[in-house]
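One structure is given below, encoded as structure tokens.
Number of protein chains: 2
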Amino acid sequence: MGKLEEAIQQKDFIDPYHKAVVNLLFTHSYVVGYQNALLKPYDLSPEQYNVLRILRGQNGNPTTVSSIQERMLNKMSNASRLVEKLKAKGLVIREECPTDRRQVDVMISAEGLKLLEKLETRIQDSNKYYIKLSESEVRNLNMLLDKLRG
Amino acid sequence: MGKLEEAIQQKDFIDPYHKAVVNLLFTHSYVVGYQNALLKPYDLSPEQYNVLRILRGQNGNPTTVSSIQERMLNKMSNASRLVEKLKAKGLVIREECPTDRRQVDVMISAEGLKLLEKLETRIQDSNKYYIKLSESEVRNLNMLLDKLRG
DNA sequence: TAGATTTGTATGTATGTACATTAAATTCAA
DNA sequence: TTGAATTTAATGTACATACATACAAATCTA
Numbered sequence: 001m002g003k004l005e006e007a008i009q010q011k012d013f014i015d016p017y018h019k020a021v022v023n024l025l026f027t028h029s030y031v032v033g034y035q036n037a038l039l040k041p042y043d044l045s046p047e048q049y050n051v052l053r054i055l056r057g058q059n060g061n062p063t064t065v066s067s068i069q070e071r072m073l074n075k076m077s078n079a080s081r082l083v084e085k086l087k088a089k090g091l092v093i094r095e096e097c098p099t100d101r102r103q104v105d106v107m108i109s110a111e112g113l114k115l116l117e118k119l120e121t122r123i124q125d126s127n128k129y130y131i132k133l134s135e136s137e138v139r140n141l142n143m144l145l146d147k148l149r150g
Numbered sequence: 001m002g003k004l005e006e007a008i009q010q011k012d013f014i015d016p017y018h019k020a021v022v023n024l025l026f027t028h029s030y031v032v033g034y035q036n037a038l039l040k041p042y043d044l045s046p047e048q049y050n051v052l053r054i055l056r057g058q059n060g061n062p063t064t065v066s067s068i069q070e071r072m073l074n075k076m077s078n079a080s081r082l083v084e085k086l087k088a089k090g091l092v093i094r095e096e097c098p099t100d101r102r103q104v105d106v107m108i109s110a111e112g113l114k115l116l117e118k119l120e121t122r123i124q125d126s127n128k129y130y131i132k133l134s135e136s137e138v139r140n141l142n143m144l145l146d147k148l149r150g
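Heads up: the sequence lines are chains A and B, in that order. Here the first sequence is numbered in full-length UniProt numbering, starting from 1 and rising by one per residue. Here the second sequence is numbered in full-length UniProt numbering, starting from 1 and rising by one per residue.
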């Protein structure tokens, strides 16, 4: 991998900002590749995994579909259909909200929790393997990404 | 936007590496959102725009589909179908390679070049607008992303 | 040089993304 | 309190991604 210019044989960037955009897209693909590889045996996509983590973060309280959507990494993806997929696999429980019949209460199931637990160390090991940065560099990266979005 | 934890209301990351993965996915979505908005009026996706830039980088020499694939930001996407889309819009020229009939020579068309030119300043302005980093911070980010991939 | 292997591209399928639209329930306002 | 506006979720569609497979052309090998 290494330097972007060599990796994609492109060097005529408009400016460092344009290069950063390309670098982010390329690094995203790199990261998602590893995520997919790790999650595929468990029949989960990265965003499905993330939704399970969002639900676990609620500590047993049900969450609505729109609340999940707000917290998702990809704002444009479709929480409704993702929840449907997770339900089909028995990883979440979905039921009509008693106080507002438009809403749908979603909770992670016991199976969902068990799956997350099983994945935790694998994810941790995998992340450290393919992110070839020291802990302080990673913190620096996180700081820059946060600042990038303003 | 700002800090990741607030933006997606999630704070229980396994470690800074896991947070970096989430941060990259989220920032990717942020960036692609702006890219899509800018390119949509021109009926281009970010990867189609990138392919046009790859082709322009060849300075008039034809490129094969597999060579495009190698240089694409998303290694798993489908250069064949992207080229087909670009050809349908008249932005590239595609013809059978005379020396190897398996291969397909692809070149950017005059229209494609004109479109890239028209987009250049818009892209440049847009990037600087939504990437809220100084030039030295952007360079630092590029360095970290390059290093991340090893 | 015939048959096997490899290479380059296209196609098929399932899923995900982007965005518009629909439909039902709720809230607001006259 | 009734009709309009808003909210919540689901659905439809076009395109993109991920990955397997097919198929023709070229290359290798015996």
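C-beta atoms are modelled at their ideal positions from N, C-alpha and C, and glycine is treated no differently.
Check: Near Gln48(B), what residues of its chain come up, given a Cβ to Cβ distance below 7 Å and the 5 sequence neighbours on each side ignored?
Finding: Leu82, Lys85, Leu86
Item checked: Own chain partners of Glu95(A) with C-beta closer than 6 Å, once the 5 adjacent residues on each side are dropped -> Asp105
Check: Going by other Cβ atoms of all chains shown within 10 Å of its Cβ, with 16 needed for buried, is Asn127(B) buried or exposed?
Finding: buried
Margin query: Mapping the DSSP letters down to three states, classify Ile108(A) as helix, strand or coil.
Written below: strand
Margin query: My assumption, with CB atoms under 8 Å, is that Gly57(B) sits in contact with Gln10(A). Please give the rounded CB distance.
Written below: 6 Å
Checklist line | Every unbroken alpha helix (DSSP H) within the UniProt domain "HTH marR-type" (1–150) of chain B, with a cutoff of 4 residues, ordered by chain | finding: 4–7, 16–39, 46–56, 65–71, 79–88, 110–130, 135–148
Check: Along chain B, in chain order, which residues have C-beta atoms closer than 7 Å to that of Thr27(A)?
Finding: The contacting residues are Leu24, Leu145, Leu148, Arg149.
Next item on the list: Find the nearest neighbour of Arg122(A) within the set Lys3(A), Lys132(A), Lys75(A), Leu39(A), judged by alpha-carbon distance.
Entry: Measuring from the Cα of Arg122(A), the nearest candidate turns out to be Leu39(A).
Check: By the 10 Å Cβ neighbour count, where 16 or more other Cβ atoms means buried, how is Ala20(A) classified, buried or exposed?
Finding: Burial call: buried.
Next item on the list: Could you tell me whether any Cβ in chain A is nearer than 7 Å to the Cβ of Glu6(B)?
Entry: no
Check: Taking just the CA atoms, how far does Thr27(A) sit from Asn142(A)?
Finding: 14 Å
Note to self: If we define contact as Cβ-Cβ less than 7 Å, is Ala88(B) a contact residue for chain A?
What the structure shows: no
Item checked: Own chain partners of Leu73(A) with C-beta closer than 7 Å, once the 5 adjacent residues on each side are dropped -> Glu47, Asn50
Item checked: Under 7 Å from the C-beta of Lys19(A): neighbouring residues of chain B -> The answer, in chain order, is Asn142.
Note to self: With a threshold of 7 Å between beta-carbons, can Val83(B) be considered close to chain A, or not?
What the structure shows: no
Check: Residues in its own chain within less than 6 Å of Ile93(A) by CB, not counting five upstream and five downstream?
Finding: Met107, Ser109
Check: Quick one: is Ile14(B) near chain A, going by C-beta distance under 7 Å?
Finding: yes
Check: Can you name, in chain order, every residue of its own chain whose Cβ lies under 8 Å from the Cβ of Glu137(A), other than the five neighbours on each side?
Finding: Answer for Glu137(A): no residue qualifies.
Notebook entry, point to check: From Leu52(A) to Leu116(A), what does the alpha carbon distance come to, in whole angstroms?
Noted result: 8 Å
Checklist line | Proximity to Ile14(B) [Cα-Cα], best of Lys147(A), Glu120(A), Pro41(A) | finding: Of the listed residues, the one whose Cα sits closest to Ile14(B) is Glu120(A).
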